[in-house]
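Following this line, the structure appears as structure tokens:
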């Protein structure tokens with residue numbers, strides 16, 4: 047049976063991209079970086095420039111971020127769609143430090159759908175940005191089934207108090223299983 051990703055005559059597919067990084071540069075003196083990943087696409091108005099398509103949330107004090115915010119793009123098989131993932135350390139609203147970037151095509155990400163895509167982050171001069179790596183998991187969205195809604199309610203009772211002088215701050219993480227058997231938050 048032919049996969050929809052191989053069907054050239056099919057209408058565009060919705061692809062969800064989940065992004066994480068490891069070994070980012072430490073740009074802050076007293077703490078780890080507060081990274082954000084910005085997805086950019088080539089500008090239609092200014093050749094050679096990139097425009098922002100979306101960004102993740104800022105994660106505090108980590109060199110190995112696993113962002114919750116995903117990017118959803120329309121994949122057109124017959125067209126080469128270039129992407130640029132820029133990872134930055136945001137200290138204030140207007141102050142940031144670059145942590146590296148990666149350029150690839152959406153087709154490369156879709157081709158590695160089962161195993162995930164990874165690449166070395168580089169600086170603007172194409173030198174490695176330390177040991178920083180970026181990982182992108184592409185997953186085809188089921189647009190027809192996307193209209194279904196599920197509501198989950200969770201409650202914790204009689205939880206252990208883990209703090210000595212204060213109450214604990216419990217939280218719960220939910221992960222989904224990827225095609226390769228791994229998990230994404």
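Residue numbers (the working numbering): 47 to 231. Positions of the beta carbon are idealized from the N, C-alpha and C atoms, including for glycine.
{"query": "CB of residue 185 within 7 angstroms of CB of residue 62, strictly", "result": "yes"}
{"query": "Residue(s) in a DSSP beta bridge with residue 80", "result": "DSSP output for residue 80 lists no bridge partner at all."}
{"query": "At least three beta-carbon pairs within less than 8 angstroms, the stretch 124–131 to the stretch 141–156", "result": "yes"}
{"query": "Proximity to residue 118 [Cα-Cα], best of 179, 183 and 161", "result": "183"}
{"query": "C-alpha gap between residue 92 and residue 111, whole angstroms", "result": "32 angstroms"}
{"query": "Residue 146, buried or exposed, once every other Cβ within 10 Å from all chains shown has been counted against 16", "result": "buried"}
{"query": "Residues that DSSP places opposite residue 183 in a beta bridge", "result": "64"}
{"query": "Proximity below 7 angstroms, CB of residue 77 to CB of residue 107", "result": "yes"}
{"query": "Alpha-carbon spacing of residue 80 relative to residue 114, whole angstroms", "result": "14 angstroms"}
{"query": "Proximal residues to residue 156 (C-beta, below 7 angstroms), its chain only, five neighbours per side dropped", "result": "51, 61, 121 and 184"}
{"query": "Whether residue 230 touches residue 222 by CB criterion (7 angstroms)", "result": "yes"}
{"query": "Through-space distance from residue 179 to residue 166, alpha-carbon basis", "result": "5 angstroms"}
{"query": "Within 7 angstroms, strictly: CB atoms of residue 205 and residue 216", "result": "yes"}
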